[in-house]
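Chains as they are written, first to last, in my numbering: chain A, 1 to 167; chain B, 168 to 334.
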């Protein structure tokens, strides 16, 4: 399961959720994005955000953590059942990364991955390209993160399995 | 300086460089991208990477840190000279994020920002849109990171200053 042939456009996976604490927001910002509105509540009040909010890169990194955790959970389940596990990655890249709304301290963001495109890779018959949209939505229903992520996914048998046929 | 009217397509800024230590690669991966080839040298040898390498999100976060540091340095210099400082951000998003080559433990990556497009924003006469390509290049000259980043930049006078005219 979860070889390229098993994927379907429109399939959606809940990746879990994450609460962004003020402490974690500040710690990430000190290391990677030391802008005042990510570092300090008082400075954030004076900024266009009006309140302490997470670096967009923090949100992106948390999404990646949940993507990896979900993949590991799924692979562990397959191994328990004795089923083969498809190779994934590396990613040839991302498109259209957006942070349409800020993530405020205390917000809980639910992340979802939806498959939006499945494409053959002419130069690589062993894999297919899965394009997925990863979306983060806060507890008020606002989208705070959106990105199109491309990943090479191993084919079950290098292009010779008939769709829907027996394994 | 560095109001939208002061920007030129093709202008390039060295953002500085960063050496990715094995310890920092593993610490970032434990928090945000716990894949074996980011966490453990022996596991990395068995992976398609063959050697411990940084999470792509680690590389992106380091680039953001250098972008912010460079902006703060520049703003401090303007304030020392008594010049006005333009407002920047927030970013409406990123396009075409790529990691064409891995960042290995011990690699030193130099980051550069080049302006590739300057656009009016019809709905916002107070700002213009700067599109810049941020690129990371390792000590062997290989591109390890590339992204197109859009940012709103304050106009000096809201659209009424003639280009090249007196301040």
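In this text, a Cβ means the ideal position worked out from N, Cα and C, and glycines have one as well.
N- and C-terminal bounds of the beta strand (DSSP E) containing residue 277/B: For residue 277/B, the enclosing beta strand (DSSP E) has its first and last residue at 275-287.
Cβ of residue 84/A within 8 Å of any chain B Cβ: Output row for residue 84/A: interface = no.
Chain-order list of residues whose beta-carbon lies under 8 Å from that of residue 60/A (same chain, five-residue window excluded): The residues are 97, 145, 147.
Beta-carbon separation (whole angstroms), residue 180/B vs residue 258/B, contact threshold 8 Å: About 16 Å separates the two Cβ atoms, so there is no contact after all.
Per-residue burial, residue 173/B [other beta carbons within 10 Å of its own, 16 or more giving buried]: Under this definition residue 173/B is an exposed residue.
Beta carbon proximity, residue 64/A to chain B, threshold 8 Å: Yes, contact with chain B.
Residue 163/A at chain B interface by Cβ criterion, 8 Å: In this prediction, residue 163/A scores a pLDDT of 43, lower than 50, which makes its location untrustworthy; no coordinate-derived value is stated.
Proximal residues to residue 41/A (C-beta, below 6 Å), its chain only, five neighbours per side dropped: 52, listed in sequence order.
Where residue 200/B meets chain A, residues with beta-carbon distance less than 7 Å: Taking a Cβ-Cβ threshold of 7 Å, the residues of chain A close to residue 200/B are 64, 65, 68, in chain order.
Residue 235/B vs residue 36/A beta-carbon contact at 8 Å: No.
Residue environment, residue 100/A, which counts as buried when at least 16 other CB atoms sit within 10 Å: Around the Cβ of residue 100/A, a 10 Å sphere holds fewer than 16 other Cβ atoms; the residue is exposed.
Under 8 Å between C-beta atoms of residue 274/B and residue 305/B: Yes, Cβ-Cβ distance for residue 274/B and residue 305/B is below 8 Å.
Cα-Cα separation between residue 149/A and residue 240/B, rounded to whole angstroms: For residue 149/A and residue 240/B, the distance between alpha carbons rounds to 33 Å.
Whole-angstrom distance between residue 252/B and residue 245/B, CA atom to CA atom: Rounded to the nearest whole angstrom, the CA to CA distance from residue 245/B to residue 252/B is 7 Å.
Runs of alpha helix (DSSP H) wholly within the region 46-94 of chain A (minimum 4 residues, chain order): Entirely contained in the region 46-94 of chain A, the alpha helix (DSSP H) runs reaching 4 residues are, in chain order, 56-80.
Candidates 178/B, 237/B, 296/B: closest to residue 261/B by CA position: Distance check between residue 261/B and each of 178/B, 237/B, 296/B places 296/B closest, using alpha-carbon atoms only.
Test: residue 263/B CB closer than 8 Å to a CB of chain D: Chain labels in this structure do not include chain D; the protein chains are A and B.
Proximity of residue 184/B and residue 276/B at Cβ, strictly below 8 Å: Closer than 8 Å, so yes.
DSSP bridge partner residues for residue 5/A (one or two, in chain order): Beta-bridge analysis with DSSP links residue 5/A to no other residue.
Residue 280/B beta carbon less than 8 Å from that of residue 57/A: Not closer than 8 Å, so no.
Interface partners of residue 351/B on chain A, CB under 8 Å: It is not possible to answer for residue 351/B, since the shown part of chain B is limited to 168 through 334.
Start-to-end residues for the alpha helix (DSSP H) that takes in residue 24/A: Looking at the DSSP string, the run of the alpha helix (DSSP H) that includes residue 24/A is 22-32.
Bridge partners - residue 319/B, DSSP secondary structure assignment: In the DSSP assignment, the residues bridged to residue 319/B are 296/B.
Between the CA atoms of residue 83/A and residue 156/A - distance to the nearest angstrom: Residue 156/A and residue 83/A: Cα-Cα distance of roughly 12 Å.
Beta-carbon proximity list for residue 75/A, same chain, < 7 Å, skipping 5 on both sides: Cβ neighbours of residue 75/A beyond the five flanking positions: 85.
Bridge partners - residue 271/B, DSSP secondary structure assignment: In DSSP, residue 271/B forms a bridge with 220/B.
Per-residue DSSP class, three states only, for residue 181/B: Strand, per DSSP.
Residue-level contact to chain B via CB, residue 16/A, 8 Å cutoff: So, not an interface residue.
Closer than 8 Å to chain A by CB, residue 273/B: So no, residue 273/B is outside the interface.
Sequence-distant residues of the same chain with beta carbon closer than 6 Å to residue 11/A, five excluded per side: Closer than 6 Å at the Cβ level, and outside the excluded window around residue 11/A, lie 115.
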